[in-house]
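Below: one structure, written as structure tokens.
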Amino acid sequence: MGTITQRSVADILDIRRRHLNPNLSVSYQQPLKIVKGSGQYLFDDKGNRFLDMVNNVCHVGHCHPRVVAAGVEQMGKLNTNTRYLHDGLAEYALRLTAQFPDPLEVCFFACTGTEANDLAIRLAAAATGGDQLICVDHAYHGHSPTLIEISPYKHNGSGGAGAPDHVHTVPVPDLYRGLYRENDKTAGQRYAQHVQQVCESLSVSGKRLSAFFCESLLGCGGQIVLPPDYLRTAYQAVRRHGGVCVADEVQVGFGRVGKHAWAFELQDVVPDIVTLGKPIGNGHPMSAVITTRKIADAFMNGMEYFNTFGGNPVSCAIGLAVLDVIEEEQLQQHALETGNVLLSRLRELERRHELIGDVRGEGLFIGIELVSDRQIREPDAAGADKVVELMRHRDILLSTDGPDHNVIKIKPPMTFSIEDAEWFLSEFGAVLDEIY
Ligand SMILES: Cc1ncc(COP(=O)(O)O)c(C=O)c1O
Numbered sequence: 001m002g003t004i005t006q007r008s009v010a011d012i013l014d015i016r017r018r019h020l021n022p023n024l025s026v027s028y029q030q031p032l033k034i035v036k037g038s039g040q041y042l043f044d045d046k047g048n049r050f051l052d053m054v055n056n057v058c059h060v061g062h063c064h065p066r067v068v069a070a071g072v073e074q075m076g077k078l079n080t081n082t083r084y085l086h087d088g089l090a091e092y093a094l095r096l097t098a099q100f101p102d103p104l105e106v107c108f109f110a111c112t113g114t115e116a117n118d119l120a121i122r123l124a125a126a127a128t129g130g131d132q133l134i135c136v137d138h139a140y141h142g143h144s145p146t147l148i149e150i151s152p153y154k155h156n157g158s159g160g161a162g163a164p165d166h167v168h169t170v171p172v173p174d175l176y177r178g179l180y181r182e183n184d185k186t187a188g189q190r191y192a193q194h195v196q197q198v199c200e201s202l203s204v205s206g207k208r209l210s211a212f213f214c215e216s217l218l219g220c221g222g223q224i225v226l227p228p229d230y231l232r233t234a235y236q237a238v239r240r241h242g243g244v245c246v247a248d249e250v251q252v253g254f255g256r257v258g259k260h261a262w263a264f265e266l267q268d269v270v271p272d273i274v275t276l277g278k279p280i281g282n283g284h285p286m287s288a289v290i291t292t293r294k295i296a297d298a299f300m301n302g303m304e305y306f307n308t309f310g311g312n313p314v315s316c317a318i319g320l321a322v323l324d325v326i327e328e329e330q331l332q333q334h335a336l337e338t339g340n341v342l343l344s345r346l347r348e349l350e351r352r353h354e355l356i357g358d359v360r361g362e363g364l365f366i367g368i369e370l371v372s373d374r375q376i377r378e379p380d381a382a383g384a385d386k387v388v389e390l391m392r393h394r395d396i397l398l399s400t401d402g403p404d405h406n407v408i409k410i411k412p413p414m415t416f417s418i419e420d421a422e423w424f425l426s427e428f429g430a431v432l433d434e435i436y
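So for the sequence shown, my numbering puts the first residue at 1; every next one is plus one.
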């Protein structure tokens, strides 16, 4: 192994200040130097153990021995690209596409969620001949210039320049804070009507729709569960107007939502293109796009899609090991059971604590929205930050998000247990008592 000098927190911060991308943030007021991970736990340089409730990338647990062994073994044998025939690539393509409903049967391999979504934009353009895109407010789809254009989270945030003319933003289908709320049984359809309106106005102006991008549960938008009928109604409108529907499963795929392998299944729809990332390689940088034969064929215009690292033998070995572990350890069922316990206990806390405005989620993808006034649903970003900092000092790692920065996000490795949930709930309750 290359020599790595052990440095103090202050020294590392100093080197970051001098030599690293200056707009890179560090978590927590008192930053952590993490040196080891195992399962759902992280360990700092002093040997303290932290419960990781943030990392949905290390999906089957940090440094899962099976995944590590698969990577090491393949790295010691061969790592090339997809222009040679390799059993690993064939096996992985078969196993991954088998996880999807018909007619999703063709996969493309890439390395990051951004690459997957960029490719989805190109596939959609090839299949539809259109260039107009619809995205949901506050969404994040990636960091390339093209994806910042369909990521209101970025282009409407600090340093952003707003949406370009070919991007059309529809309201967040948020039942707690949005245009139509929890007591409106038709909210999903009413939110979807905004998608339909965009489609109709594009038709009127003679512009061609390419794709509707939507995360199957909204992450940066504040852990939003889509209301019933939203995607079904929106997809119908998009398809009627010649567009394709892209489900971004980069945050929520691979069984995290418990009831299904893919979160779009919660809405009883089949997208035309699905993008996968983060959990797919348990921390190894890989991603994929799954689509139909028809769309894949439409992309055959003579220009090859070649991705140097996408689908390499090491990535395929790791991806296969992740699928094996999800299956063998029944992590999807585990996410359902643990998530249900967590959700119901959080809802009990919500009844006792005025500052919890809303608790929502599916499986191990949960949001707790904090408010300073329940009646007017006044967002409490300062309170949410305080909770995260206090929990960090109780060895539990959390993060916040949402348009008002007041939603505490819960998306731990899928090995997160009932005992972990109990530990979190007791510390979280104590922190709320301390603050309010
Ligand atoms: C929903 C969603 N899509 C895409 C991306 C981009 O993935 P990556 O950071 O791997 O490029 C992210 C990253 O946070 C994301 O949350």
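The C-beta atom is built at its ideal place from N, Cα and C for all residues, glycine as well.
- When DSSP states are grouped into helix, strand and coil, residue 207 belongs to the coil group.
- In the structure shown, residue 368 falls within a strand segment according to DSSP collapsed to helix, strand and coil.
- Taking each of 233, 256, 212 in turn and checking the Cα distance to residue 247, the smallest one comes out for 212.
- Residues 175 of the same chain have their beta carbon placed closer than 6 Å to that of residue 182, with the five preceding and five following residues left out of the count.
- Spatial neighbours of residue 427 in its own chain (CB-CB distance under 7 Å, excluding positions within 5 residues in sequence) are listed in chain order as 391, 394, 396.
- The straight-line gap separating the alpha-carbon atoms of residue 168 and residue 198 is approximately 7 Å.
- Membership of residue 418 in the alpha helix (DSSP H) is indicated by the continuous run 418-435.
- Taking a C-beta distance under 9 Å as the contact criterion, residue 244 and residue 128 qualify as a contact pair.
- Bounds of the alpha helix (DSSP H) holding residue 334 are 331-352.
- For residue 384, same chain residues with a beta-carbon under 8 Å away, outside a window of 5 residues either side, are 370, 400, 405, 406, 407, 408 in chain order.
- Taking the C-beta atoms as reference points, residue 146 is found no nearer than 9 Å to residue 193.
- Counted as a single uninterrupted DSSP element, the alpha helix (DSSP H) harbouring residue 316 occupies residues 313-328.
- Note that the C-beta distance between residue 144 and residue 114 is below 9 Å.
- With a beta-carbon spacing of about 28 Å, residue 131 and residue 189 fall beyond the 8 Å limit used to define contacts.
- With a minimum length of 4 residues, the unbroken runs of alpha helix (DSSP H) contained wholly in the stretch 80-140 fall at 87-97, 113-128.
- When distances are taken from the beta-carbon of residue 411 to the heavy atoms of ligand 1, even the shortest one reaches 8 Å or more.
- For residue 167, the secondary structure class from DSSP, reduced to helix, strand or coil, is strand.
- Considering only 163, 418, 377, the residue with the shortest C-alpha distance to residue 138 is 163.
- Residue state for residue 246 is assigned as strand, using DSSP reduced to three classes.
- Nearest Cα to residue 419 within the set 365, 338, 375, 67: 338.
- When distances are taken from the beta-carbon of residue 139 to the heavy atoms of ligand 1, the shortest one is below 8 Å.
- Remark: the shortest separation between the CB of residue 146 and any heavy atom of ligand 1 does not fall under 8 Å.
- At a threshold of 8 Å, residue 117 counts as near ligand 1, since its beta carbon sits closer than that to one of the ligand's heavy atoms.
- Around the beta carbon of residue 15, a 10 Å sphere encloses fewer than 16 other beta carbons of the protein chains shown; the residue is thus reported as exposed.
- The closest CA to that of residue 270, considering only 315, 136, 249, is found on 249.
- For residue 387, the closest of 306, 267, 425, 18 by C-alpha to C-alpha distance is 425.
- For residue 278, the distance from the CB to the nearest heavy atom of ligand 1 is below 8 Å.
- Annotated three-state conformation of residue 380 is coil, per DSSP.
- DSSP, reduced to helix, strand and coil, places residue 150 outside both helices and strands of the structure shown, so it counts as coil.
- Contact between residue 223 and residue 356 does not hold, since the beta-carbon distance rounds to 13 Å and is not under 8 Å.
- The beta carbons of residue 336 and residue 259 sit about 6 Å from each other, so the pair counts as a contact at 8 Å.
- It is roughly 13 Å from the alpha-carbon of residue 66 to the alpha-carbon of residue 58.
- Among the bridge pairs identified by DSSP, residue 407 is matched with 369, 401.
- In the three-state scheme derived from DSSP, where H, G and I count as helix and E and B as strand, residue 259 is classed as coil.
- Just measuring C-alpha positions, the residue of 313, 421, 266 sitting nearest residue 85 is 313.
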